[in-house]
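Residue numbers (the numbering used here), protein chains in the order written: chain A, 10 to 154; chain B, 141 to 263. Reviewing the structure listed below.
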Amino acid sequence: MLILNPSQVRFGQTPWPGVTSVAISREAARLVEAYGDGSPHARFVDAPEERVEVEVRQSLDSASGDSPANLAVGTEDDLAFERSWSGTDAGREAITVRAVVLADRIVLGEGGGRAPRAVRLVRLRAVSPDGADPVAIEPLDGGAA
Amino acid sequence: MSQFGSKNLFGSGPHRFAFAERGQEVVPNYVLIGSGIPGTTSVGPRELDVVVRGRLVADTEPALWTLRAAIAAEAEGNAPQTLTDNAGHAWPQMTLISYKEADRVDRGRAWSIAYEATFRKFT
Numbered sequence: 010m011l012i013l014n015p016s017q018v019r020f021g022q023t024p025w026p027g028v029t030s031v032a033i034s035r036e037a038a039r040l041v042e043a044y045g046d047g048s049p050h051a052r053f054v055d056a057p058e059e060r061v062e063v064e065v066r067q068s069l070d071s072a073s074g075d076s077p078a079n080l081a082v083g084t085e086d087d088l089a090f091e092r093s094w095s096g097t098d099a100g101r102e103a104i105t106v107r108a109v110v111l112a113d114r115i116v117l118g119e120g121g122g123r124a125p126r127a128v129r130l131v132r133l134r135a136v137s138p139d140g141a142d143p144v145a146i147e148p149l150d151g152g153a154a
Numbered sequence: 141m142s143q144f145g146s147k148n149l150f151g152s153g154p155h156r157f158a159f160a161e162r163g164q165e166v167v168p169n170y171v172l173i174g175s176g177i178p179g180t181t182s183v184g185p186r187e188l189d190v191v192v193r194g195r196l197v198a199d200t201e202p203a204l205w206t207l208r209a210a211i212a213a214e215a216e217g218n219a220p221q222t223l224t225d226n227a228g229h230a231w232p233q234m235t236l237i238s239y240k241e242a243d244r245v246d247r248g249r250a251w252s253i254a255y256e257a258t259f260r261k262f263t
């Protein structure tokens, strides 16, 4: 899932302005693959353990000075943001992911001058203390389910 | 389709048949003759063991419990029956002597658990 230009992005109580994208990826953390007699092909494949990773890309405003302090790796909190399909209230959704910070990187781009362009990349891994899907999507007022 | 007697115990998921170790039953001489005697003696062919390894698969947890309980009941019942593999090869008078499960039930799209069942033809 890729969300471009999400709004109201925050991690815990801290707002994250300038987020240009949130990418959510899923993969099997453990795979079950079983074969039977008489065929070279897997007869049963399942993913009983799943890993959900989130990458947040934030454009840092060089005019405002230094970037925020790095998050402590291992910090756990709610990453929350909103998205809308058309830039209006129609179909607006609130997305919340309980997640742990794996990395918080600043990447300097080509900008020249005294204020190079900078992007902050925060990589997180979702957690689910109650076993439910860690990515919760709720329609907001005026939005469709 | 494999069968044990008339029951399809393993058909919910993929499974394979294999012989366990074949050959002679060899006993140390100090057991047969007495202490201080070196070497071993063959006392005849080993009993035939057939091992089935596979995975039970169900849509729900209760359905998986039903599959597991059916095999466990056979293992505790100690009733010799004909074991038939997926290709139709049959071994008469086999007893399910051991049913061992993996260390976890896997819950993804389905409920499943790996197992190993050992059948023996007692001499």
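Every residue gets a Cβ at the ideal spot worked out from N, C-alpha and C, and that includes glycine.
Here DSSP, grouped into helix, strand and coil, assigns Arg208 (chain B) to helix. Closest in alpha carbon position to Val192 (chain B), among A:Arg52, A:Pro57, A:Asp46, is A:Asp46. Using a C-beta cut-off of 8 Å, the region 43-57 of chain A makes contact with the region 245-254 of chain B, since at least three inter-stretch Cβ pairs fall below that distance. Between the alpha carbons of Glu102 (chain A) and Ala81 (chain A) lies a gap of roughly 29 Å.
Here Ala135 (chain A) has Val61, Val106, Ala108, Pro143 as same chain residues with Cβ atoms under 6 Å from its own Cβ, once five neighbours each way along the sequence are excluded. Counting only Cβ-Cβ distances below 8 Å, Arg247 (chain B) has contacts in chain A at Pro57, in chain order. Looking at the DSSP output, Val31 (chain A) sits in a beta bridge with A:Ile12, A:Val65. Using a Cβ-Cβ cut-off of 8 Å, Phe157 (chain B) counts as an interface residue toward chain A, since at least one Cβ of chain A sits closer than that to its own. DSSP lists A:Val131 as the beta-bridge partner residues of Asp113 (chain A).
Taking CB atoms only, Asp225 (chain B) has a neighbour in chain A less than 8 Å away. Under a criterion of Cβ atoms nearer than 7 Å, no residue of chain B is adjacent to Asp87 (chain A); the nearest Cβ is some 25 Å distant.
One finds nothing in chain B with a Cβ atom closer than 9 Å to the Cβ of Asp113 (chain A); even the nearest lies about 32 Å away.
When the beta-carbon positions are compared, Val166 (chain B) and Ser182 (chain B) come within less than 8 Å of each other. For Val171 (chain B), the enclosing alpha helix (DSSP H) stretches over residues 169-172.
A straight-line Cα-Cα distance of about 14 Å links Arg195 (chain B) and Asn226 (chain B). Within a 10 Å sphere around the beta-carbon of Pro24 (chain A) sit fewer than 16 other beta-carbons, which makes this residue exposed. Residues Phe144, Asp189, Val190, Val191, Val192, Leu223, Trp231, Met234, Thr235, Leu236, Ile237 of the same chain have their beta carbon placed closer than 8 Å to that of Phe259 (chain B), with the five preceding and five following residues left out of the count.
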